[in-house]
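Contents: one structure, followed by commentary.
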Amino acid sequence: FQRGGLQPKAIKFLTQSTRLNPAHADSWSSLGQAHFQMNNYHEAKNALQTATGLNGADPTAFYFLGLALRFLQDGEGALKALERAMKDDSLKGRALLTRGLVMMDQKSYVQAVAEFQKGLKQVDRNSEIYLQLHYMAAAAAELNRDMHTAIEHWEKLHSIRPDYRDVSQKLKQYSEFRTDDSIKDFMIASGAQFEAIVRKMIENMGFSINQLNMHRDTAITSLVSESDASRRANRRFYALIYVQRDLNTVSENQMREFHEQMKERGAQRGLFFTVGEIAPAAVEFAGNRPIELFDASAIVEHVRGAMV
């Protein structure tokens, strides 16, 4: 029943088996796996913990226990169980893939990349899991703003299977990062370095900084001033500059919020820089307001000039 995908019937008979012989580890292991396939993660955990308690040398039970614990958000427990599963060479690649996913859940992106890269050494290069490991390594590196590593994995995937998931789109999106080291350095710079680069960008544009605020080391908002020398009163004008180095697409809502900030802070002009893409609706919204947009291709010149 279990192999045929008839999990409810399998669970019924396996439950009876565990009642008849509570010390039979294989029955508990199979019951836990059946519960996992039905997304019954608590029941799966209980059965698999019983199985591993009865037989500490069952890597398959430890593997499924790790999977169940991940879905139950017990990351540390999942990592320990998956480490035990790695004693079986046939499970090592899948266990490393899942360990990497747990680390991504924990936002430990550097460790996740390392785990996925270990997995790549354990699996057949012609297998689907080989592609999955490359893809997740790229995803973790992207979240860590390590574009050099992310692009390496996307390029490898593209050479094997050009139509794999959104790999072609990713390579197109980050074409500037593939050819310009200054953008790569900008992405991985520390918070202090990021601020220094942005300050230099602002200075190079001829503005004076009045206020500057950093947001989670991925974005900076700065109120700057410029003088209109053509007016007799030499009146000061203010602009609001936003520089974003995370890879999220800029939405219309984000642009509306930026415009509201301009009004609240008395800025007559806005300059919005991003290393990512800008949604068409955001472009349209900005087009009807005094907002200049600088996308990934347009920001390169400013970043390069600030890093000379």
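Using the working numbering, read the sequence shown as starting at 255 and increasing by one per residue.
Glycine residues also receive a C-beta, built at the ideal position from the N, C-alpha and C atoms.
Just so we're clear, the structure is a prediction, and the values are computed from it rather than from any experiment.
Task: S381 versus A395, E406, L411, residue with shortest Cα-Cα distance - done: Taking the sequence shown and counting its residues from 1, one reaches residue 381 at position 127. Residue L411 is the option with its Cα nearest to S381.
- [ ] Spatial neighbours of D359 within its chain, please: CB distance less than 8 Å, with the 5 preceding and 5 following residues excluded, ordered by chain position.
- [x] For the purposes of this step, residue 359 is taken as the residue at position 105 of the sequence shown. The answer, listed in chain order, is R324, Q327, G329.
Open item on the list: Rounding to the nearest angstrom, what Cα-Cα distance links Y384 and T472 in this structure?
Closed with: If you number the sequence shown from 1, residue 384 lands on position 130. If you number the sequence shown from 1, residue 472 lands on position 218. Their Cα atoms are separated by approximately 31 Å.
Task: Spatial neighbours of T403 in its chain, beta-carbon cut-off 8 Å, leaving aside the 5 residues before and after - done: Here the question's residue 403 lines up with position 149 in the sequence shown. Answer for T403: V367, A391, A392, A395, listed in chain order.
- [ ] On the DSSP bridge assignment, give the partners of V504 in chain order.
- [x] Position 250 of the sequence shown, counted from the start, is the residue given in the question as residue 504. Beta-bridge pairing links V504 to I532.
TODO: In the DSSP assignment, find the beta strand (DSSP E) that holds V497 and state where it starts and stops.
DONE: Counting from one through the sequence shown, the residue named residue 497 turns up at place 243. Residues 490 to 498.
Open item on the list: Using DSSP's beta-bridge definition, name the partner residues of M468.
Closed with: In the sequence shown, residue 468 corresponds to position 214, counting from 1. Paired residues: I474.
- [ ] To the nearest angstrom, report how far apart F539 and D500 are at their CA atoms.
- [x] Taking the first residue of the sequence shown as 1, we reach residue 539 at position 285. Taking the first residue of the sequence shown as 1, we reach residue 500 at position 246. So the alpha carbons of these two residues sit roughly 21 Å apart.
- [ ] Counting only the same chain and skipping the five closest in sequence on each side, list residues whose C-beta sits under 7 Å from that of S484.
- [x] Walking along the sequence shown from the start, residue 484 turns up at place 230. A caution first: S484 carries a pLDDT of 44, below 50, which makes its placement in the model unreliable, though a value can still be read off. Cβ within range, chain order: n/a, list empty.
Task: Helix, strand or coil at L547 according to DSSP, with G and I counted as helix - done: Here residue 547 refers to the residue found at position 293 of the sequence shown. In this structure, L547 counts as strand in the three-state DSSP scheme.
Open item on the list: On the CB-based measure, 16 or more other CB atoms within 10 Å of its CB, does A364 come out buried or exposed?
Closed with: The residue given as residue 364 occupies position 110 in the sequence shown. Reading the sequence as shown, one finds Val at residue 364 and not Ala. V364 comes out exposed.
- [ ] Give the secondary structure of L326 by DSSP, where H, G and I count as helix, E and B as strand, and everything else as coil.
- [x] Position 72 of the sequence shown, counting from 1, holds the residue named residue 326. The answer is coil: DSSP assigns L326 none of H, G, I, E or B.
- [ ] Could you name the residues of the same chain whose beta carbon sits closer than 6 Å to that of A550, not counting the 5 residues immediately before and after it, in chain order?
- [x] Counting from 1 along the sequence shown, the entry for residue 550 is found at position 296. Counting only Cβ-Cβ distances below 6 Å, and skipping sequence neighbours, we find E430, V529.
TODO: Going by DSSP, name the residue or residues bridged to E382.
DONE: Looking up residue 382 in the sequence shown gives position 128. Paired residues: none, contrary to the question.
Task: Where E518 falls, given that 16 or more other Cβ within 10 Å makes a residue buried - done: Position 264 of the sequence shown, counting from 1, holds the residue named residue 518. The residue in question, E518, is exposed, as its Cβ has fewer than 16 Cβ neighbours within 10 Å.
Task: C-alpha distance - R486 paired with Y492, whole-angstrom precision - done: Residue mapping note: residue 486 aligns to position 232 of the sequence shown, counting from 1. Residue mapping note: residue 492 aligns to position 238 of the sequence shown, counting from 1. Residue confidence for R486 is low, a pLDDT of 47 falling below 50, so the modelled location carries little weight and cannot support an answer.
- [ ] Please report the Cβ distance between Q508 and F527, rounded to the nearest whole angstrom; I am assuming they are in contact, meaning their Cβ atoms lie under 8 Å.
- [x] Taking the sequence shown and counting its residues from 1, the one referred to as residue 508 is at position 254. Taking the sequence shown and counting its residues from 1, the one referred to as residue 527 is at position 273. The pair is not a contact, with the Cβ atoms about 13 Å apart (cut-off 8 Å).
Open item on the list: Considering only their Cβ atoms, is the gap separating R490 from S476 smaller than 7 Å?
Closed with: Taking the first residue of the sequence shown as 1, we reach residue 476 at position 222. Taking the first residue of the sequence shown as 1, we reach residue 490 at position 236. Cβ atoms of S476 and R490: not closer than 7 Å.
TODO: Would you check if the distance between the CB atom of A315 and the CB atom of L336 is smaller than 7 Å?
DONE: Stepping through the sequence shown from its first residue, residue 315 is reached at position 61. Stepping through the sequence shown from its first residue, residue 336 is reached at position 82. Contact: no.
Open item on the list: Just verifying my parser: in three-state terms, what is the DSSP assignment at R486?
Closed with: By 1-based counting over the sequence shown, the position of residue 486 is 232. Low confidence applies to R486: its pLDDT is 47, below 50, so where it sits in the model is not reliable enough to give any reading.
- [ ] Take L374 and list the residues in its own chain whose beta-carbon comes closer than 6 Å to its own, dropping the five residues that flank it on each side.
- [x] Start at 1 with the first residue of the sequence shown, and residue 374 comes out as number 120. Taken in chain order, the residues that qualify are L387.
- [ ] With distances taken Cα to Cα, identify the nearest neighbour of S281 among K361, L547, E406, N300.
- [x] For the purposes of this step, residue 281 is taken as the residue at position 27 of the sequence shown. Residue N300 is the option with its Cα nearest to S281.
Open item on the list: Does H407 pass the burial test, meaning 16 or more other C-beta atoms within 10 Å, or should it be called exposed?
Closed with: In the sequence shown, the residue the question calls residue 407 occupies position 153. So H407 ends up on the buried side.
Task: Residues sharing a beta bridge with F527, DSSP - done: Within the sequence shown, residue 527 is the residue found at index 273, counting from 1. In DSSP, F527 forms a bridge with V497, F548.
Open item on the list: Considering only the alpha carbon of each residue, which of P534, K334, K266 lies closest to M292?
Closed with: To locate residue 292, count along the sequence shown from 1; it is residue 38. It is K266.
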